[in-house]
Amino acid sequence: MVKLAEWRGKDVFRKYGVPLPKGHVARSPEEAETLARNGTVPLPCVIKAQVLAGGRGKGGAVKFANTPEEARAAAQSILGLEFKGEKVTELLLEEKLPIAKELYLSLTLDRSLRVPILIASAQGGVEIESVDDAAIVRIPVHPFPGLAAYEKRRVAEVFGATGGVAKSLDRLLDSLWKAFQGEDAELVEINPLAVVGDGLVALDAKVIIEDDAAFRHPEYNDIKDDRTPLEEIAREKEIAFVQLDGNIGVIANGAGLTMATLDVLKEFGGNPGVFLDLGGTDDPKKVTEAFLLMAQAKPKAVFLNIFGGVTRCDTVANGLVAAMSQVPPENRFPLVARIRGNNEKEGIEILRGAGITSIPTLRESAQAVVAAAGGKT
Amino acid sequence: MTVLVDQNTRVVVQGITGHQGTVHTRQMKLFGTQVVAGVTPGKAGADVEGVPVFNSVESAVRKTNANAACIFVPAPYAKDALLETVDAGISLAVIVTEHIPFHDMLVMYHYARSKGARIIGPNCPGIAAPGLAKVGIIPNVVFQKGRIGVISRSGTLTYEIVNGLKEHGLGQSTCIGLGGDPVVGTSFVDALPHFQADPETDVIVLVGEIGGTAEEDGAEYIRHHVTKPVVAYIAGRSAPPGKRMGHAGAIISRGKGTAETKLAALSAAGAKVARFPYEIPDLVAEIVAKQGHR
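Protein chains in written order, with our numbering: chain H, 1066 to 1442; chain Y, 9 to 302.
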């Protein structure tokens, strides 16, 4: 899930022909002033923090300027802000347009229907979650014929679009559809989509690219997104690793089993701090890497819950023992293991050799790890 | 009768010469499955675990009458592999491959459907009917032939649960792993009618997880069409919103897809809800005991 900042989302829109305000990115107050002075960004202009969180307008992360000096001052006051946990390092300066009406438009996936779904509302400019359901139209778009003319007419009707606006909308919908497919997007959202004169302009852009399509979009590889530094390392090593707010690290194999382990821990008063899904592997080195990564997260205790199938218990045990010798003493943690399934006996033997006892039931092993982490929280 | 696979299932393994393809071809054969062909473009004439390798699915089907495919082809080529198998007339394709872009899967799903073929997966362990056939990677040892049907979105958790059933003397009729992706070829709603109709199945175990509304849709189907007892479990009760929990599809987004809403829907539809995986065998055993007394 690669969430693009507004300016990057607008670069995508530009590539596919979605109409945009004139604008430019600035990374310093001086740059903001220059853009306003040399006409790259016409005045008056709007200056927007490039953060991923919503609610920028209310949160003081959007300002207006009538002169280059004001642009500089506005930039100065926004840059370096901490907005909902994100530090502002980039700004987007755009011409301020006379807006007649604000609309909402997006394309995303409907998992149940197994088709893309086009969502439109005449009530744009606010979070779509706060809009009354009756004011939202959802149009399933079949992937084969793609977006049909009648479906586009339906959106025009919702928007009350006629004349130039209707023509602009027709082209814009084609562009949005192509962007959604062409960029392997999970979401393309324009909110607000503004009626300006007799045309339409995308004032904001929210684009999320699917991780699994990264192999055909190397251009997004360098985007750090909102992962923690350890999650970033895990991603490079292809380990499913999620940091949570507790203190117990969980290593299991398979997403479902890892989630179920978290649930059981929580039930017994534990507080999971790391979700680490080993996945299916027959390489002890990968197991070692995963443990070393876990150690860096400094958990108070670790719960290893393995059901051997594709992944063999002895592989995991060997990887674990190799990792234990490499963890620096200050990062060592109490470990509770439960390993069952394929090559269970061999795995248990290897762990015993390293002084680790495997507890066969999920209930008892979960209780043991909660105790090892200092009891119920 | 069984669910989707039986003694007449003849499997072609796509990507058979890769590591996973080779390992699981052997395991499928040990399970008793008729693995009749393998496909890897450019490797025709080779032999993997006694299975002849062909260049194309079309030639494999022509020579061996394969009627089901097990796909291990890497994600960037999985779409092509599926289109090829559907065009060769295969009616059931299990896709084990992980990380297939959902835009590809949308095309694959609708194409297969238009040609009357079924996809199980992707990112799934496949399907197994003990004593008859297995298409996929579910470990052979967890199974025991019996009368419990299992439908699950998980992999390893399914093995654990099936193993738990076995340890309680509860064998399985058929077990399907639907896969952890946002778009899957077979959902709970698609699988449930087969188990309801299957005379070999007495009780259905449904294992879901957070993300999407597949369990809610399944609950709706159960309410109206399933008369057999259902035991349900949902993984991810403690998962925070907005985080992808290992599976691409396991994410609570915009308040949708929580375990609470799924459990509530299933419970309202009459399913017995297990709070932990280890409660499932007990709940199933209770139902089986009651059925025995009828």
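All residues carry an ideal CB built from backbone N, CA and C; glycine is no exception.
Starting from residue i and walking both ways along the alpha helix (DSSP H), at which residues does that stretch end?
{"i": "A1200 of chain H", "result": "Neither: A1200 of chain H is in no alpha helix (DSSP H) and is coded neither H nor E."}
{"i": "F1245 of chain H", "result": "1228-1247"}
{"i": "G1384 of chain H", "result": "1378-1389"}
{"i": "V1223 of chain H", "result": "1214-1224"}
{"i": "P1294 of chain H", "result": "1294-1301"}
{"i": "I169 of chain Y", "result": "164-175"}
{"i": "K1075 of chain H", "result": "1071-1081"}
{"i": "L1170 of chain H", "result": "Taken as a continuous stretch (DSSP letters only), L1170 of chain H belongs to no alpha helix (DSSP H), being part of the beta strand (DSSP E) at 1166-1175."}
{"i": "S261 of chain Y", "result": "No alpha helix (DSSP H) contains S261 of chain Y, which DSSP labels as neither H nor E."}
{"i": "I1415 of chain H", "result": "1409-1418"}
{"i": "A68 of chain Y", "result": "65-72"}
Can you find the residues in the same chain that come closer than 6 Å, C-beta to C-beta, to residue i, ignoring five residues on each side of it along the sequence?
{"i": "A54 of chain Y", "result": "V61"}
{"i": "V1307 of chain H", "result": "F1340"}
{"i": "G1247 of chain H", "result": "none"}
{"i": "I218 of chain Y", "result": "G244, A247, A258, I260, G265, A267"}
{"i": "N63 of chain Y", "result": "P49, A52"}
{"i": "L1268 of chain H", "result": "P1257, A1259"}
{"i": "V192 of chain Y", "result": "L186"}
{"i": "S1171 of chain H", "result": "I1184, E1254"}
{"i": "P130 of chain Y", "result": "I103, T105, I108, G187, D189"}
{"i": "T1376 of chain H", "result": "N1318, G1345, T1346"}
{"i": "A125 of chain Y", "result": "V94, S99"}
Give me whichever residues DSSP pairs with residue i in a beta bridge.
{"i": "S1423 of chain H", "result": "H:A1402"}
{"i": "D206 of chain Y", "result": "In the DSSP output, where bridge partners are listed per residue, D206 of chain Y has none listed."}
{"i": "H1089 of chain H", "result": "H:L1158"}
{"i": "A1366 of chain H", "result": "H:I1313"}
{"i": "A1114 of chain H", "result": "H:L1156"}
{"i": "R126 of chain Y", "result": "Y:L100"}
{"i": "D55 of chain Y", "result": "Y:P60"}
{"i": "R18 of chain Y", "result": "Y:Q42"}
{"i": "K1068 of chain H", "result": "H:I1273"}
{"i": "S160 of chain Y", "result": "Y:G185, Y:V215"}
{"i": "Y241 of chain Y", "result": "Y:V215"}
Reducing DSSP to helix, strand and coil, say where residue i ends up.
{"i": "P1337 of chain H", "result": "strand"}
{"i": "A96 of chain Y", "result": "coil"}
{"i": "F3 of chain Y", "result": "Past the edges of chain Y, shown from 9 to 302, lies residue 3 of chain Y, and the structure says nothing about it."}
{"i": "P60 of chain Y", "result": "strand"}
{"i": "T182 of chain Y", "result": "strand"}
{"i": "S246 of chain Y", "result": "coil"}
{"i": "V1127 of chain H", "result": "strand"}
{"i": "D1342 of chain H", "result": "strand"}
{"i": "T10 of chain Y", "result": "coil"}
{"i": "G144 of chain Y", "result": "strand"}
{"i": "L1268 of chain H", "result": "coil"}
{"i": "V1106 of chain H", "result": "coil"}
{"i": "A273 of chain Y", "result": "helix"}
{"i": "G50 of chain Y", "result": "coil"}
Starting from residue i, follow the beta strand (DSSP E) in both directions and report where the run begins and ends.
{"i": "P1181 of chain H", "result": "1180-1186"}
{"i": "G134 of chain Y", "result": "134-137"}
{"i": "I1274 of chain H", "result": "1271-1274"}
{"i": "L1252 of chain H", "result": "1250-1261"}
{"i": "G220 of chain Y", "result": "Looking at the DSSP string, G220 of chain Y is not in any beta strand (DSSP E), and its letter there is neither H nor E."}
{"i": "F1306 of chain H", "result": "1305-1308"}
{"i": "A76 of chain Y", "result": "76-79"}
Excluding the 5 residues preceding and the 5 following residue i in the sequence, name in chain order all residues of the same chain whose CB lies nearer than 8 Å to its CB.
{"i": "A1362 of chain H", "result": "L1295, Q1308, G1314, G1338, V1339"}
{"i": "L1234 of chain H", "result": "K1217, V1220, A1221, F1224, A1226, L1265"}
{"i": "A120 of chain Y", "result": "L90, V94, A101, R126, I127, G193"}
{"i": "N1312 of chain H", "result": "N1336, G1338, P1364, K1365, A1366, A1438, G1439, T1442"}
Between which residues of its own chain and residue i is the CB-CB distance below 7 Å, once the five residues before and five after are set aside?
{"i": "K37 of chain Y", "result": "V43, E57"}
{"i": "E168 of chain Y", "result": "P285"}
{"i": "I1421 of chain H", "result": "L1400, A1402"}
{"i": "V1230 of chain H", "result": "V1260, D1263, G1264, L1265"}
{"i": "A1199 of chain H", "result": "none"}
{"i": "P1107 of chain H", "result": "K1087, E1160"}
Kindly confirm or deny that the stretch 268-286 of chain Y and the stretch 223-243 of chain Y touch, where touching means at least three C-beta pairs closer than 8 Å. yes
Is it true that the stretch 10-18 of chain Y meets the stretch 189-206 of chain Y, where meeting means three or more beta-carbon pairs spaced less than 8 Å apart? yes
The stretch 1067-1079 of chain H touching the stretch 1135-1149 of chain H, judged by at least three CB pairs closer than 8 Å: no
Assess, as a yes-or-no matter, whether the stretch 208-217 of chain Y is touched by the stretch 153-172 of chain Y under the definition of 3 or more beta carbon pairs within less than 8 Å. yes
Whether or not the stretch 1178-1193 of chain H and the stretch 1151-1160 of chain H are in contact is what I'm after, with contact meaning three or more pairs of Cβ atoms, one per stretch, closer than 8 Å; do they touch? no
Using 8 Å as the threshold, is the stretch 1171-1182 of chain H in touch with the stretch 1127-1144 of chain H, meaning 3 or more CB pairs across them? no
Three or more C-beta pairs closer than 8 Å, one from the stretch 1158-1165 of chain H and one from the stretch 1236-1250 of chain H: is that the case here? no
Would you check if there are 3 or more beta carbon pairs closer than 8 Å linking the stretch 1126-1133 of chain H to the stretch 1104-1114 of chain H? yes
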